[in-house]
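First the structure, in the form of structure tokens, and then the observations on it.
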Ligand code: PAD
Ligand code: ZN
Ligand code: ZN
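Residue numbers (our numbering): -16 to 356.
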């Protein structure tokens, strides 16, 4: 029984910006009040983790990143009532404390506990990880590239004990984000035409959402044509490479559809693509959803007529779900075969091969690589 004791285990530590992942032995302190310690079973690699290594997303170094995982509760701190050792769980990069002004709003999931600025510490202002005598910081309340992690109890969703970890981990980010962007944020209507810019794990999940919502045309847009086959397998009706055209992509989509693109989704994190996606939806009744992470401290200049004309420009965090409440239901729907995540997981690698997993992402060869322990 490891409860109450420091656990020594393996973790992938980032010592600084643009450094490789270094597999180190770390110490994981026991959970304090309202925290739980989790043994990670499987964790996906998301673009947002890579964004921490490049500085696009702020993080405090040294750091353990990773935010898309399934694990088992190993032990709980004082005052934890919602979870017990042995529960199968998903750590939440977007917590749901239930009491902040945002959690109390029925239509907001932007919990005050969300650590989007990269503070990297838990509620008492300290970290639970050390390596070689130094503190190692947390990332987005989760830090899943480690055999054991400690998170706040409000940043944990309990899921079906039978859920397969190497698929269900995608509910920790990619699927939940993309599917929710279509279902909750855009509220895609039956028979509509959608265009999805960026066909990675999150973009393909948007396509799955558009399809379930009954969209009749779903156009995948990517500069990497190797992504088209998977996009079609999950529901894209056609795919376009902006590099094959001299005209702006918004013009290309307008011609393809007789000016009827109702919903567009930016799922690449590029500033130019955010404007392209906005300009690509119908000028008066279209809606464009920003899902990709904008680079930290960036500024965008755009023609205000794009919005004045009547378009709606929206963003969403984690697909707009209230995750403690909604993730268990999403996982139940998955177990009932409402959606199939098989196409999204292209690679499964042992945890030690994390660097190889990131290289697959950077080279555009993977959709999701899942690391197993
Ligand atoms: P990914 O790298 O697997 O996929 C991105 C795709 O975009 C790739 O297929 C690229 O080829 C493609 N792409 C890149 N540049 C362009 C371009 N100029 N035009 C068209 N396509 C392009 O990433 P992902 O699916 O893991 O994540 C996608 C984005 O979503 C990324 O910015 C990530 O940080 C963000 C994200 N946001 C949330 C949220 O809550 N809003 C959650 C998770 C991820
Ligand atoms: Zn809250
Ligand atoms: Zn993510």
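We put the CB at the ideal spot given by N, CA and C, even for glycine.
Nothing here was measured: the structure is a model prediction, and the numbers come from that model.
Asked                                                                                                                    : Found
Alpha carbon of residue 65 to alpha carbon of residue 316, nearest angstrom                                              : 22 Å
CB of residue 351 within 8 Å of CB of residue 327, strictly                                                              : yes
Beta-carbon proximity of residue 68 to residue 59, cut-off 8 Å                                                           : yes
C-alpha gap between residue 127 and residue 204, whole angstroms                                                         : 31 Å
Buried or exposed by the 16-neighbour rule on C-beta atoms within 10 Å, applied to residue -14                           : exposed
Same chain only: Cβ atoms within 6 Å of residue 247, ignoring 5 sequence neighbours per side                             : 178, 260, 263, 264, 271
Same chain, Cβ closer than 7 Å to residue 349, neighbours up to 5 away in sequence not counted                           : 329, 330, 343
At least 3 beta-carbon pairs within less than 8 Å: the segment 126 to 143 vs the segment 287 to 303                      : no
Around ligand 3, Cβ to any heavy atom closer than 5 Å, ordered along the chain                                           : 29, 31, 156
Straight-line gap, residue 267 to residue 234 (C-alpha atoms, nearest Å)                                                 : 16 Å
3 or more residues per run - each beta strand (DSSP E) lying fully within the segment 14 to 41                           : 18 to 27
Status (buried if at least 16 other CB within 10 Å, exposed otherwise) for residue 2                                     : exposed
Contact check, residue 191 vs residue 223, beta carbons under 8 Å                                                        : no
Assigned secondary structure, residue 209 (DSSP; H/G/I helix, E/B strand, else coil)                                     : helix
Proximal residues to residue 100 (C-beta, below 8 Å), its chain only, five neighbours per side dropped                   : 41
Ranges of the alpha helix (DSSP H) found wholly within the segment 291 to 349, counting only runs of at least 4          : 306 to 318, 337 to 345
Test item: CB-CB of residue 249 and residue 275 under 8 Å                                                                : yes
Outcome for residue 335 when other beta-carbon atoms lying within 10 angstroms are tallied against a minimum of 16       : exposed
Per-residue DSSP class, three states only, for residue 178                                                               : strand
Assigned exposure category for residue 173 - 16 Cβ within 10 Å defines buried                                            : exposed
Pairwise C-alpha distance: residue 232 and residue 304                                                                   : 31 Å
Limits of the beta strand (DSSP E) - the one that residue 260 falls within                                               : Residue 260 -> not in any beta strand (DSSP E); alpha helix (DSSP H) instead, spanning 254 to 263.
Selection from 237, 140, 136, 122 that minimises the alpha carbon distance to residue 308                                : 140
Beta bridge counterpart(s) of residue 203 as assigned by DSSP                                                            : 179, 222
Contact set for residue 148: own chain, Cβ-Cβ below 6 Å, skip 5 residues either direction                                : 24, 25, 53
Start and end residues, alpha helix (DSSP H) containing residue 73                                                       : Per DSSP, residue 73 belongs to no alpha helix (DSSP H); it is in the beta strand (DSSP E), 71 to 74.
Cβ contact check for the segment 145 to 162 and the segment 74 to 91: 3 or more pairs under 8 Å                          : yes
Residue 208 CB to nearest heavy atom of ligand 1 below 7 Å                                                               : no
Euclidean distance between Cα positions of residue 347 and residue 62                                                    : 44 Å
Residue 161 and residue 197 closer than 8 Å at C-beta                                                                    : no
Nearest-angstrom Cβ-Cβ length linking residue 28 and residue 341, presumed shorter than 8 Å                              : 6 Å
Proximity winner among 189, 166, 92, 170, relative to residue 137 (alpha-carbon distances)                               : 92
Integer-rounded CB distance, given that residue 176 should sit under 8 Å from residue 256                                : Wrong, their Cβ atoms sit about 19 Å apart, outside the cutoff.
Nonlocal neighbours in the same chain, by C-beta distance under 7 Å from residue 251, ignoring five residues either side : 180, 181, 275
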